[in-house]
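Chains as they are written, first to last, in the working numbering: chain A, 0 to 294; chain B, 611 to 1020; chain C, -6 to 258.
Even glycine gets a Cβ: it sits at the ideal position worked out from N, Cα and C.
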Amino acid sequence: MTRKNERIWNYAWTAPVVLIIVALLAYPIVRTIQLSFYEYNLTEATQTLIGLGGYWRALSSEDFYSFLYISLVWTFGTVIACLIIALPMAAILNNEFRFKWVMRSILMLPWATPWVIIALTWKWMFSSNFGMVDYLLRAVGLGVLIKNWLGDPDVALFSVMAPTIWRGYTFGAFMYLAAMQTVPTHLYEAAEIDGAGPIKKFFHVTLPGILPTIIVVNLLGVMWTLNAIQMIWIMTQGGPLNSTTTLPVAVYKTAFLFHRFGEASVYGVFIGLMLLIFALLYIQFIAKKGELAEI
Amino acid sequence: MKRVLLVLGILFIVGIFILPQILMAAEKANLTYWGVQRDDKTNAHRQAFIDKFKAANPNFDVEVSLFPFTDLLAKQVTAGAAGTLADVFEVPLEIQQRAAAGHIIPIDTYVDKEDVKDFLDGAVKDATYRGKLYGIPIYNAGARLFLINKDLFEKAGMKKFPETWSEYVEAGKKLTDSSQGVYGGSFDGAGQNTYNNFFQYLAQAGGSILNKDRTKCTVNSSEGIKALQFWVDLIHKHKVVNPNTANLDFNENVALFAAGKIAMLDGFARFEAQIKQINPNIKVGYMSMIGDKKRVAFGSTWNYVIAKNSKHPKETFELIKVMTSKERMLDEPAFMPTRKSLLNQGKWKDIDPEIKKNLTYMAAFEPTTVLSQMIEILSNSIRESLMLKASPKEALDKAATKIDAVLPKK
Amino acid sequence: MALLLFAFSALLPYIWILSTAFKNFSEIFTIPIRLIPRHITLENFKAVIYGQMDFGQKFMNSLIVTIATTILSVGLSIPCAYALTRFKMRGKRVLLQTILVSQMIPLAVLLIPLYIIIVKLGLLNTFTSLVVANLTFSVPFVVWVLYGFFTGLPISIEESAMIDGCSRFQTLVRIVLPSAAPGLAASSAYTFITAWQEYMFALTFIDSQKKFTLPIALTSYIGQYGTQWGNLMAASLLVTLPVIVLFFGIQTLMVKGLTAGAVKG
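Here you go:
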């Protein structure tokens, strides 16, 4: 093949993916940015250009900062908790033991169940009158720990994070487990010859081996967790008293309940910018170290 | 080899896209209908009347799609923005927003003016936007009232129903037994109904959410503060409602009532079905809404509307006529008629007299195009106050300021 | 030990789901809670399967959309990820970053413009629209994950294969893919599950009831005046079942040591 043909052929490998993403998402993203400069309330059926007015309004409202703070706690709290639980879990499941397949399948359950069911089930589990959480706490004598899980503004965010983490760490463990399968076994043998125990093996063989996967899963994880509103929406609709309203929840409310699309777009752009900055920093400081040098 | 694979690959992808289209060859549906998914009986009854229309209009087919209640409204927003709404769909108080956005058409030219007079006045008013009528009311859930636990009433020796706020508190105290977790009264501190629940008590005290012009929020008037203070006192001073009421939505209140833990449940008659399912042994009775300066109950209906993008508005209206006919409402399994003439006919003659009496207390709700935001703002303020994080005056002042900021300027 | 704790925590809500699915209505809301029903009943399952919801049809709809999404998603991502890993191309960085950026704006604001595009393409109320919309969110993930997996594979095997006369494509299929099987399994599973549960697009793009997917059928049990808990829980068990079956199948690919011996051989 000629040089030129070969290059075209190479690009063809990536073309369909690029095509789909650009064709479908380019217009919506551009339109969102465009709308953020307008005041567009569906109920007024007109769009008025207000330039940076929308951004100014957001930055000078105290609600915005509350949403921001809650978003940060929600996102990083969930992702970090998932990482801390998922890694050891995957390591344990990586060993040979009886009923391995059963255990691994149980691992899938939280992740395989539809969002709606999980959110609703946990909502009722947290109920003061009918919920299993209070029932179990009382049964083991820890009744003093009972709080108003979904009704107390100080506690609600963590109550909603609980099922999200529960779902997230099983997903993470699954991904890390898959990655662990590709770590060449001879590396473990070599480590054993050098006298390494299980913990040393984990840190010196397993961890470096699955680092690319960890990096990718958590980068994408941050983005999804932030934008995941279903759990919050079904359990608390952003309440009580907006204590569980992250920025994306605010976006949904503003757009679909209040019909203020200009304002929602402003929030949307803020979220995009935040994630962009995060991704750049993440890639700069973490990804580069983990062999994903290409980015 | 490579080429063959490439061709196969392309064929495969193309096939994936086209095959489903062929498999589900679209039938030409002439009219589309979007409704809310309800119980089997209601759905069947609704379908029967749609079939009636089809039989009378053989050259029109009607494709019915029933959506989950939670998201039908969101779907109407997206479809409205793109001009792909169904010809006819069901919409509750959000009809004002659809009208303001220009997604539905006024139906003044299609209706029979005399027939319109048969519908509940408040409901017709709620379907009117800027002087034009946009929808026909349907699905009357009845006005809010109290469902009572007859056994608890008997045990406490209650002879008469309370009618005023103070009588309610008295009755509540008699019916409350906190050692058993049983409470005399209830209200929705949380959830989608807090706003309309509070609206009643506010109106009972003589106040209103907006002023006559609808340009200013008057929820922080002395009447409003009195009403909110009444709620706060019910929880913290008189202790006649569940101490956790600030967090209870109607689902939990219904479940508590069914479990025998509430004597007077502030809710809709419609709840009886679910209560009986949870606890078949409970004896449910009815009690009209109470009052302070006057007795006011909240009631609202859904509406049938015609989409702006409909290609057959005339036939769509014919369908609406059949769906809002007297025949349908007489036999409607769970909803009361929206036609005044039917309220004393057929099976509606025999419903609990308290329910009928209560209907006379129903007041127009007067939704605005920013209803969702008002609900959000006011519900939050109410909860703040119920949780004792702000005094009623502070909470309502804050609400009024915020609501003023979002009210459309005339 | 630790495993049991993990298992218990994973299964906790299922105790409630299972117990509710087999109860009749009157047993669901009791104070205090009763975990084991007095009468175990299958009426919820019967109501779901034979009821007005036409569960079987919704199941098929979901299956069609999900399988199409999974095949296309993985099929399109594999060459893309491989090219990004091994080929020398200009704009690799830009491409990877673009793929990433596409995930950053929340769906709530993207939904309406995306909907308008779908309508203009004439794809309203088609399964194609769902497949295509699902792809926009699963492909980036699969590309990135496979990129991670492929990067970890030693290039020497591929080089020796190519020296032996294999084309890039053949190398990919015969050598790289088997070694990255766990990664493929993981991304396929992820795509399948996400598409299986996808709700927003299904609600927005599909107008005809007979084309509804399972998640919409599930939400239909939540009414304005009350939820049919028993039916809902029974239905969710039925919805989750295929995924569990999938997992058992996937496990065969999650096997260690596929790269062992490859370098030496």
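Where does B/Leu969 land, buried or exposed, given buried means 16+ other C-beta within 10 angstroms?
-> Taking the first residue of the second sequence as position 1, residue 969 of chain B is located at position 359. Buried: at least 16 other Cβ atoms inside 10 Å.
Going along chain B in order, which residues have a C-beta closer than 8 Å to the C-beta of C/Ile109?
-> Locating residue 109 of chain C in the third sequence gives position 116, where the first residue counts as 1. Per Cβ cutoff of 8 Å: Ala691, Ala692.
Three-state secondary structure assigned by DSSP to C/Pro270 = This structure cannot speak to residue 270 of chain C, because chain C is shown only from -6 to 258.
Does the beta carbon of B/Ser991 come closer than 8 Å to any beta carbon on chain C?
-> Numbered from 1 along the second sequence, position 381 holds the residue referred to as residue 991 of chain B. At a cut-off of 8 Å between beta carbons, B/Ser991 makes no contact with chain C.
Can you grab the Cα-Cα spacing for the pair B/Gly762 / C/Leu231, in whole Å?
-> Sequence index remark: in the second sequence, residue 762 of chain B carries index 152 (1-based). Sequence index remark: in the third sequence, residue 231 of chain C carries index 238 (1-based). For the record, residue 762 of chain B in the displayed sequence is Leu; it is not Gly. Cα-Cα distance, rounded: 41 Å.
With a 10 Å radius around its C-beta and 16 neighbouring C-beta atoms as the bar for buried, classify B/Leu909 as buried or exposed.
-> In the second sequence, counting from the first residue as 1, residue 909 of chain B sits at position 299. Strictly speaking, residue 909 of chain B in this sequence is Gly, with Leu absent from that position. Counting Cβ neighbours within 10 Å, B/Gly909 comes out buried, since at least 16 surround it.
So B/Asn718 packs on B/Lys742, CB below 8 Å; how close in whole Å?
-> Within the second sequence, numbered from 1, the residue matching residue 718 of chain B stands at position 108. Within the second sequence, numbered from 1, the residue matching residue 742 of chain B stands at position 132. Here the sequence assigns Asp to residue 718 of chain B, which means Asn is not the residue at that position. With 8 Å as the limit, B/Asp718 and B/Lys742 qualify as a contact, their Cβ atoms being about 6 Å apart.
Going by the CB atoms, is the gap between B/Val698 and B/Arg708 shorter than 8 Å?
-> Residue mapping note: residue 708 of chain B aligns to position 98 of the second sequence, counting from 1. Residue mapping note: residue 698 of chain B aligns to position 88 of the second sequence, counting from 1. Going by C-beta atoms, B/Arg708 is not nearer than 8 Å to B/Val698.
Rounded to whole angstroms, what's the CA-CA distance from A/Leu274 to A/Met222? Just pull it up for me.
-> Residue mapping note: residue 274 of chain A aligns to position 275 of the first sequence, counting from 1. Residue mapping note: residue 222 of chain A aligns to position 223 of the first sequence, counting from 1. When rounded, the distance between both Cα atoms is 7 Å.
Roughly how far, in whole angstroms, is the beta-carbon of C/Gly115 from the beta-carbon of C/Phe142, given that I think they are within contact range, below 8 Å?
-> By one-based count along the third sequence, residue 115 of chain C stands at place 122. By one-based count along the third sequence, residue 142 of chain C stands at place 149. Not confirmed; about 37 Å, so no contact.
List the residues that DSSP assigns as beta-bridge partners of B/Ala917.
-> Here residue 917 of chain B refers to the residue found at position 307 when the second sequence is read from its first residue. Answer by DSSP bridge pairing, in chain order: B/Ile714.
Sort B/Lys784, B/Asp823, B/Met899 by Cα distance to B/Glu964 and report the nearest one.
-> Against the second sequence, residue 964 of chain B aligns to sequence position 354. Closest option to B/Glu964, Cα to Cα, is B/Met899.
Going by the beta-carbon positions, is the gap between A/Trp330 and C/Pro208 smaller than 8 Å?
-> Outside the shown range of chain A, which is 0 to 294, sits residue 330 of chain A, and nothing can be said about it.
Enumerate in chain order the residues of its own chain whose CB-to-CB distance from C/Ile98 is below 8 Å, with the five nearest sequence positions on each side excluded.
-> For the purposes of this step, residue 98 of chain C is identified with residue 105 of the third sequence, where counting begins at 1. Excluding residues up to 5 positions away in sequence, nothing lies with its Cβ nearer than 8 Å to the Cβ of C/Ile98 in the same chain.
In DSSP terms, what B/Thr580 is bridged to = A question about residue 580 of chain B goes unanswered here, because the residues of chain B that appear run from 611 up to 1020.
Coil, strand or helix - B/Val646 by DSSP | Here residue 646 of chain B refers to the residue found at position 36 when the second sequence is read from its first residue. Strand, per DSSP.
Cβ neighbour criterion (16 or more within 10 Å) applied to A/Ala22 = Here the question's residue 22 of chain A lines up with position 23 in the first sequence. A/Ala22 is exposed by the Cβ-count criterion.
Using the rule of at least 16 other Cβ atoms within 10 Å of the residue's Cβ for burial, across every protein chain shown, is C/Ile33 buried or exposed?
-> On the third sequence, residue 33 of chain C is found 40 positions in, with the first residue counted as 1. Counting Cβ neighbours within 10 Å, C/Ile33 comes out exposed, since fewer than 16 surround it.
Cutoff 7 Å; reference A/Leu86; Cβ partners in own chain excluding five residues on either side = Numbered from 1 along the first sequence, position 87 holds the residue referred to as residue 86 of chain A. Tyr175.
Taking C-alpha atoms, which residue in C/Thr59, C/Thr62, C/Ser95, C/Gln50 lies nearest to A/Ala25?
-> Taking the first sequence and counting its residues from 1, the one referred to as residue 25 of chain A is at position 26. Residue C/Ser95 is the option with its Cα nearest to A/Ala25.
For chain B, find out if any of its Cβ atoms is closer than 8 Å to the Cβ of C/Gln244; answer yes or no.
-> Counting from 1 along the third sequence, the entry for residue 244 of chain C is found at position 251. It does not: the Cβ of C/Gln244 has no partner Cβ on chain B nearer than 8 Å.
Host alpha helix (DSSP H) of C/Met193 (start-end) = As a position in the third sequence, residue 193 of chain C is number 200, starting the count at 1. From DSSP, the alpha helix (DSSP H) with C/Met193 extends over 193 to 198.
Measure from the alpha carbon of C/Thr78 to the alpha carbon of each residue in C/Thr62, C/Leu123, C/Trp137, then state which is nearest.
-> As a position in the third sequence, residue 78 of chain C is number 85, starting the count at 1. Here the closest residue by C-alpha is C/Trp137.
Between B/Val687 and chain A, is there a C-beta pair that is closer than 8 Å?
-> Position 77 of the second sequence, counted from the first residue, corresponds to residue 687 of chain B. It does: the Cβ of B/Val687 has a partner Cβ on chain A nearer than 8 Å.
Cα-Cα, which of A/Ile276, A/Leu219, A/Ile116 is closest to C/Gly223?
-> Against the third sequence, residue 223 of chain C aligns to sequence position 230. Of A/Ile276, A/Leu219, A/Ile116, the residue nearest in Cα terms is A/Ile116.
Euclidean distance between Cα positions of A/Trp114 and C/Leu211 | Taking the first sequence and counting its residues from 1, the one referred to as residue 114 of chain A is at position 115. Taking the third sequence and counting its residues from 1, the one referred to as residue 211 of chain C is at position 218. Computed Cα separation, rounded: 11 Å.
For A/Phe267, go through chain C and note every residue whose CB falls closer than 7 Å to its CB, in chain order.
-> Position 268 of the first sequence, counted from the start, is the residue given in the question as residue 267 of chain A. Per the sequence presented here, residue 267 of chain A reads as Gly, with Phe not at that position. Neighbours of A/Gly267 on chain C, chain order: Ile98, Pro99, Val102.
Cβ of C/Gln202 within 8 Å of Cβ of B/Val915?
-> The residue you call residue 202 of chain C lines up with position 209 of the third sequence. The residue you call residue 915 of chain B lines up with position 305 of the second sequence. The beta carbons of C/Gln202 and B/Val915 sit no closer together than 8 Å.
Per DSSP, which residues does B/Lys742 bridge with? Please list them.
-> Walking along the second sequence from the start, residue 742 of chain B turns up at place 132. Secondary-structure assignment with DSSP links B/Lys742 through a beta bridge to B/Tyr739.
How about A/Gly194 and A/Cys81: do their beta carbons lie closer than 8 Å?
-> Here residue 194 of chain A refers to the residue found at position 195 when the first sequence is read from its first residue. Here residue 81 of chain A refers to the residue found at position 82 when the first sequence is read from its first residue. Not in contact: A/Gly194 and A/Cys81 (Cβ atoms no closer than 8 Å).
What are the start and end residues of the alpha helix (DSSP H) that includes B/Ile965?
-> Within the second sequence, residue 965 of chain B is the residue found at index 355, counting from 1. Run containing B/Ile965: 963 to 969, per the alpha helix (DSSP H) assignment.
At what residue ranges does the region 41 to 95 of chain A contain a whole run of the alpha helix (DSSP H), taking only runs of 4 or more?
-> Within the region 41 to 95 of chain A, complete alpha helix (DSSP H) segments of at least 4 residues are found at 52 to 58, 61 to 92, given in chain order.
Where C/Val112 meets chain B, residues with beta-carbon distance less than 7 Å | Here residue 112 of chain C refers to the residue found at position 119 of the third sequence. Close to C/Val112, with beta-carbon spacing below 7 Å, are these residues of chain B in chain order: Ala692, Thr694.
Segment limits, alpha helix (DSSP H) that includes B/Gly834 = For the purposes of this step, residue 834 of chain B is taken as residue 224 along the second sequence, with counting starting at 1. Start and end: 832 to 846.
With 8 Å set as the bound, which would you pick, yes or no: does the beta-carbon of C/Tyr75 sit closer than that to a beta-carbon of chain A?
-> Along the third sequence, one-based indexing puts residue 75 of chain C at 82. Cβ-Cβ to chain A under 8 Å: yes for C/Tyr75.
Pick helix, strand or coil for B/Asp823, following the three-state DSSP scheme.
-> Position 213 of the second sequence holds residue 823 of chain B. DSSP places B/Asp823 in coil when its eight states are reduced to three.
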